[in-house]
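Chemist: I'd like to ask some things about the structure below.
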Amino acid sequence: MQNGFGLKAVQATCAQTAEKLKKFPELAQIFRQCYLNTLETTVERLPNGNTFVITGDIPAMWLRDSSAQVRTYLPLAAADAELAALLRGLIRQQAACLMIDPYANAFNREPNGLHNSADHTEMGSWVWERKFELDSLCAPVQLLYDYWQVTHEESLFDENIYAMLKRVVEVMLIEQRHDVYSRYYFMRHDEERPLDTLVSEGRGRAVNVTGMIWSGFRPSDDACTFGYHLPSNMFAVVVLGYIETFAHQFYHDPQLAGQAGSLRKAVEQGIQDYGIVQHPRFGRIYAYETDGFGNHLLMDDANVPSLLSIPYLGYRTAADPIYQNTRAFVLSSENPYFVNGAQASGIGSPHTAAGFIWPISLIVQGMTASSADEKRTLRDQLVRTTAGTHYMHESFDPNDPARYTRSWFAWANSLFAEWVLRLVAEDVLK
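According to our numbering, the residues represented by the sequence shown are 4 to 433, in order.
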């Protein structure tokens, strides 16, 4: 393997899974390439022992993407010391990044000042992009929790991780009352991409007090229309529970545990009070965004966290009635970003061209499907839409998959590999 990571457990899993897929040779080839892509092309160990993970064709580390890129390797961490060290290094690097700037979504390898010169915000030399996305606070905590669940390693919970957890809660509390307490602003002067900037001089549209946490941008890096992004607030409910656990078990800090617990309950209540609407066709569904003043955005975007991904986030099970209604809505023509094509049908994003589908949405649909037939249909759609590259892409034209964006997008590759491992374990590939 490249980058010097001869990780035996990863190599063994890759070979064993490919053998189990021998009846599906093209699927096996796609799995091999996607499973190894993050380790072979995006991971670097830094001189201080930390791990830096670029997103692919962009030489910066997104907190969300880097967490998702390594998730497929987590089950092997207890059996492979080298892999465990790599994952620990990423967790520590993410913690350091959050302490540098908890409002940034992407960071440089070193303090070289690389960033979009059109950005008007409080930039630092470590920051590649400073779009405040609530899920960027959540993803590192989720990675920390999942790593701990696999390895039961307690030595990782040092003062640096403690500081990160306190900073995450601190910023969430500030952004609960964004209009009152927050100093954050972001503007980018790009007339061709209006979703790259926040209105109202970079502050975003006004929001009501709901108990939920404000987010400037979505997981797609597009600006929120209304400041409460429901999927990210659901993600926050989950990870605030993790912070409560850490505060009690490792830091014996009742104040932090209490803050996280109270915030978790407030966000959950806000979701229930302000985030559910009565749809004339689908019944009670979750909105994608709201401002708390009665305005709701009914849609879903491919990027995770999404409404489709609610069970994957751990917020609700796939059997939950409101989730089932919401899932039916987002996978219908009522969702403005749902696309039907000759080769595939799925959810796209305003971040890319109209009519393009994101493989991430097809994978998440498969992960949340209850029917084996639906899973196999989605598997077939993904296999036939790589344009012969045997990699996932950011998005593609479902009528002509040779038209796609981003040939090197490691998040989608890792997510696909994660799903294939599930399919093999579930034995539904027949």
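The C-beta atom is built at its ideal place from N, Cα and C for all residues, glycine as well.
Please read these numbers as outputs of a predicted model, since none were measured by experiment.
#1: Say the cut is 7 Å; is the CB of ASP323 nearer than that to a heavy atom of the ligand MG?
#2: Would you identify the three-state DSSP class for ARG425, choosing helix, strand or coil?
#3: Can you tell me which residues form a DSSP beta bridge with GLU132?
#4: Only counting runs of 4 or more residues, tell me where the alpha helix (DSSP H) segments fall wholly within the stretch 169-230, in order along the chain.
#5: For LEU341, count neighbouring Cβ atoms within 10 angstroms of its own Cβ and tell me buried if that reaches 16, exposed if not.
#6: From what residue to what residue does the alpha helix (DSSP H) around GLY369 run?
#7: Roughly how many angstroms separate the alpha carbons of MET4 and GLU43, rounded to a whole number?
#8: Does the Cβ-Cβ distance between LEU10 and LEU86 come in under 8 Å?
#9: Quick check: what's the CA-CA separation for ARG319 versus ILE313?
#10: Once you ignore the five residues that flank THR388 on each side, which residues in its own chain have a CB closer than 6 Å to its CB?
#11: Taking HIS2 as the reference, which of PHE296, ALA82, VAL183, LEU168 has the closest Cα?
#12: Just to confirm my understanding: we take LYS23, look at its own chain, exclude 5 residues before and 5 after, and list those with CB closer than 8 Å. What are they?
#13: What are the residues that DSSP puts in a beta bridge with TRP65?
#14: Which residue or residues does DSSP assign as beta-bridge partners of SER348?
#15: To the nearest angstrom, how far is it from the Cα of GLY7 to the Cα of PRO362?
#16: Look at the alpha carbon of THR213 and the alpha carbon of THR293, and state the distance between them as a whole number of angstroms.
#17: Can you tell me which residues form a DSSP beta bridge with VAL153?
#18: Under 8 Å, do LEU311 and GLN368 count as touching if we go by C-beta distance?
#19: Per DSSP, what are the beta-bridge partners of GLN281 in this structure?
#20: Using only the alpha-carbon positions, how far apart do ASN111 and VAL307 sit?
#21: Drop a sphere of 10 angstroms on the beta-carbon of GLU157, count the other beta-carbons inside from all chains shown, and report buried for 16 or more, exposed for fewer.
#22: What's the call for VAL210, buried or exposed, on a 16-neighbour Cβ count within 10 Å?
#23: Taking a contact to mean a Cβ-Cβ separation below 8 Å, would you say PHE229 touches ASN298 in this structure?
#24: So who's on the other strand from TYR407, going by DSSP bridges?
#25: So what's MET4 in DSSP terms, helix, strand or just coil?
#26: Is DSSP giving LEU300 helix, strand or coil here?
#27: Between the alpha carbons of ALA420 and LEU365, how many angstroms are there, rounded?
#28: Between the beta-carbon of TYR315 and the beta-carbon of GLY295, is there less than 8 Å?
#29: From the DSSP output, in three-state form, read off GLU29 for me.
#30: Rounded to a whole number of angstroms, what is the C-alpha to C-alpha distance between ALA107 and SER223?
#31: Using the DSSP secondary-structure output, state which residues sit across from THR54 in a beta bridge.
#32: Can at least three beta-carbon pairs, one atom from the stretch 275-289 and one from the stretch 169-179, be found at a separation below 8 Å?
#33: Can you look up PHE238 in the DSSP assignment and give me helix, strand or coil?
#34: Hey, could you find the ends of the alpha helix (DSSP H) GLY295 is sitting in?
#35: Closest by CA to SER336, which one among PRO324, GLY351, ILE325?
#36: According to the Cβ coordinates, are HIS282 and LEU137 closer than 8 Å?
Modeler: The short version:
#1: For the structure depicted, the ligand MG is absent and the ligand set is empty, with no information on it obtainable.
#2: The answer is helix: DSSP assigns ARG425 an H, G or I state.
#3: GLU132 is bridged to ALA109.
#4: DSSP runs (the alpha helix (DSSP H)) wholly in the stretch 169-230: 181-184, 202-205.
#5: In the sequence as displayed, the identity of residue 341 is Phe instead of Leu. Buried, because 16 or more other Cβ atoms sit within 10 Å of the Cβ of PHE341.
#6: Annotation for GLY369: the continuous alpha helix (DSSP H) segment containing it runs 362-371.
#7: Here MET4 scores only 38 on pLDDT, less than 50, and its place in the model should not be relied on; the value that follows carries that caveat. Rounded to the nearest angstrom, the two C-alpha atoms are 6 Å apart.
#8: Yes, Cβ-Cβ distance for LEU10 and LEU86 is below 8 Å.
#9: Straight-line Cα distance between these residues: approximately 6 Å.
#10: Taken in chain order, the residues that qualify are GLN346, ALA347, PHE399, PRO404.
#11: Nothing can be reported for residue 2: it is not among the residues displayed for the chain, which extend from 4 to 433.
#12: Excluding sequence positions up to five before and after LYS23, its CB lies within less than 8 Å of the CB of VAL427, all in the same chain and listed in chain order.
#13: In DSSP, TRP65 forms a bridge with ALA109.
#14: For SER348, which the question treats as bridged, DSSP gives the partners ASN343.
#15: Since pLDDT at GLY7 reaches only 46, below the 50 mark, its modelled position is unreliable, and the value read off the structure follows with that caveat. CA-to-CA, the gap between GLY7 and PRO362 works out to about 29 Å.
#16: Cα-Cα distance, rounded: 10 Å.
#17: DSSP output for VAL153 lists no bridge partner at all.
#18: Yes, the pair counts as a contact, with Cβ atoms nearer than the cut-off.
#19: Here GLN281 is bridged, per DSSP, to ARG287.
#20: Distance between the alpha carbons of ASN111 and VAL307: 22 Å.
#21: By the 16-neighbour rule on beta-carbons within 10 angstroms, GLU157 is exposed.
#22: Under this definition VAL210 is a buried residue.
#23: Yes, they are a contact pair.
#24: Paired residue(s): PHE399.
#25: Interpretation of MET4 is limited by its pLDDT of 38, a score under 50 that renders its predicted location unreliable; no figure is taken from the coordinates.
#26: Correct three-state label for LEU300: strand.
#27: Those two C-alpha atoms are separated by around 13 Å.
#28: The beta carbons of TYR315 and GLY295 sit no closer together than 8 Å.
#29: DSSP, reduced to helix, strand and coil, places GLU29 within a helical segment of the structure shown.
#30: Answer to the nearest angstrom: the Cα atoms are 14 Å apart.
#31: Answer is ARG48.
#32: Segments in contact, no.
#33: Helix.
#34: Neither: GLY295 is in no alpha helix (DSSP H) and is coded neither H nor E.
#35: GLY351 is the residue among PRO324, GLY351, ILE325 whose C-alpha sits nearest the C-alpha of SER336.
#36: Their beta carbons are not under 8 Å apart, which means HIS282 does not touch LEU137 by this criterion.
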